[in-house]
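A.B. asks: Numbering-wise (UniProt numbering), the sequence shown opens with residue 1 and increments by one. Where is the CB? At the ideal position from N, CA and C, for every residue including glycine. All of these numbers come straight from a predicted model, not from anything done at the bench.
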Amino acid sequence: MNLAPLRFRVPALHSPILRLHIYNSLPALPPPSSFFPSLTRTFRSSIDHSMPRTEETASFRFNHTMLRVRDPKVSIPFYTDVLGMDLISQHDFSDFTLYFLAFDHSGGADSAEQKEKQQLSREGILELTHNHGTENVAETPYHNGNSEPKGFGHIAITCVDVEEACARFEKLGVPFQKRLTDGKMKHIAFIKDPDGYWIEVLPYTRGPTGE
């Protein structure tokens, strides 16, 4: 006796009914905080300023951030003469040179040797990296992070009088990304360095929300 093969009709995976059935049969996912409960609690406590640094991180410092620059003969004068930073140290290699800059608040008490010796134990240092040969191209080969694809945004400096600082930048011909009169946040400005990196300028006495 010949028996016809049995045929089963299986709904396609793209069937809305099947998708709904599969979705309804899945167990509910726990909230994200349940995956890393201790980390979440630590993060929230740190925001509330109710949890001091642990013994393991007590010595950690934000030492420096690095920007690649096209031409140090343009960038170094900008950061030293326009912004008032000190060149702490310079390290020359065969293919690149590193420049480390920071603001000096010692009142001139620290010598150049002391500043270089303390470089790794202080905070707020800017490292400028010059890859030899980039100074010969017409425009900077580096992306400032504020156009697509976005990434890095800006560095920031604070001062007593932002209006006075911005007036000086205007006289020096520094390009602005945002003047004090632009937008809703009238207490901050953004200038641009020779490579187009944004630098936020804001006063000591106001927070990032302007309150």
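Ordered along the chain, which non-local residues of its own chain (more than five positions away) have a Cβ less than 8 Å from that of LYS178?
C.D. replies: Locating residue 178 in the sequence shown gives position 178, counting from the first residue. So the qualifying residues of the chain are ILE188, ALA189 and PHE190.
A.B. asks: Do the CB positions of PHE100 and HIS64 come within less than 8 Å of each other?
C.D. replies: Here residue 100 refers to the residue found at position 100 of the sequence shown. Here residue 64 refers to the residue found at position 64 of the sequence shown. In contact: PHE100 and HIS64 (Cβ atoms closer than 8 Å).
A.B. asks: Count the other CB atoms within 10 Å of the CB of VAL201; is the residue buried (16 or more) or exposed (fewer)?
C.D. replies: Counted from its first residue, the sequence shown places residue 201 at position 201. It is buried - the Cβ of VAL201 has at least 16 other Cβ atoms within 10 Å.
A.B. asks: Between SER75 and LEU128, is the Cβ-Cβ spacing less than 8 Å?
C.D. replies: Here residue 75 corresponds to residue number 75 of the sequence shown, with the count starting at 1. Here residue 128 corresponds to residue number 128 of the sequence shown, with the count starting at 1. Yes; because the gap between Cβ atoms is below 8 Å, this pair is in contact.
A.B. asks: Since THR158 sits in a beta bridge, which residues does DSSP pair it with?
C.D. replies: Reading the sequence shown from its first residue, position 158 is the one you call residue 158. DSSP output for THR158 lists LEU202 as bridge partner(s).
A.B. asks: Where do the ends of the beta strand (DSSP E) carrying SER89 lie?
C.D. replies: Here residue 89 refers to the residue found at position 89 when the sequence shown is read from its first residue. Its beta strand (DSSP E) spans residues 86–92.
A.B. asks: May I ask you to list the residues that DSSP assigns as paired with VAL69?
C.D. replies: Looking up residue 69 in the sequence shown gives position 69. In DSSP, VAL69 forms a bridge with HIS130.
A.B. asks: Quick one: what's LYS117 bridged to in DSSP?
C.D. replies: As a position in the sequence shown, residue 117 is number 117, starting the count at 1. Its beta-bridge partners do not exist; DSSP assigns none.
A.B. asks: Would you check if the distance between the CB atom of ARG53 and the CB atom of GLU123 is smaller than 8 Å?
C.D. replies: Along the sequence shown, read from residue 1 onward, the residue named residue 53 stands at position 53. Along the sequence shown, read from residue 1 onward, the residue named residue 123 stands at position 123. No, these two residues do not count as a Cβ contact at 8 Å.
A.B. asks: So, at 7 Å on beta carbons, what are the nonlocal neighbours of ILE157 in its own chain, with the 5 sequence-adjacent residues on each side left out?
C.D. replies: Here residue 157 corresponds to residue number 157 of the sequence shown, with the count starting at 1. Excluding sequence neighbours, ILE157 sits near LEU83, ILE199 and VAL201.
A.B. asks: Taking contact to mean 3 or more Cβ pairs, one atom from each stretch, closer than 8 Å, check whether the segment 106–116 and the segment 158–166 are in contact.
C.D. replies: Flag = no, the segment 106–116 and the segment 158–166 do not touch.
A.B. asks: Thinking residue 243 and LYS115 are a contact (beta carbons under 8 Å), I'd like their distance in whole angstroms, please.
C.D. replies: Since the displayed the chain opens at 1 and closes at 211, residue 243 lies outside it and no answer follows.
A.B. asks: Alpha carbon to alpha carbon, how far is HIS105 from PRO149?
C.D. replies: Within the sequence shown, the letter at position 105 stands for residue 105. Within the sequence shown, the letter at position 149 stands for residue 149. About 37 Å.
A.B. asks: For ALA58, does the three-state DSSP call read helix, strand or coil?
C.D. replies: The sequence position of residue 58 within the sequence shown is 58, counting from 1. In the structure shown, ALA58 sits in coil (DSSP, three-state: anything other than H, G, I, E or B).
A.B. asks: Can ASN131 and PHE78 be called in contact, C-beta distance under 8 Å?
C.D. replies: Position 131 of the sequence shown holds residue 131. Position 78 of the sequence shown holds residue 78. It is not a contact, given that the beta carbons lie outside the stated cut-off.
A.B. asks: Kindly list the residues whose CB is nearer than 6 Å to the CB of GLY151, restricted to its own chain and excluding five residues on each side of it in sequence; keep chain order.
C.D. replies: In the sequence shown, residue 151 corresponds to position 151, counting from 1. The answer, listed in chain order, is GLY145.
A.B. asks: Using the beta-carbon count (16 or more within 10 Å), is ALA102 buried or exposed?
C.D. replies: Residue numbering aside, residue 102 sits at position 102 when the sequence shown is read from its first letter. The residue is buried, with at least 16 neighbouring Cβ atoms inside 10 Å.
A.B. asks: Exposed or buried, what is residue 215 when buried is set at 16 or more other beta-carbons lying within 10 Å of its beta-carbon?
C.D. replies: Any answer about residue 215 is impossible in this case: the structure gives the chain only from 1 up to 211.
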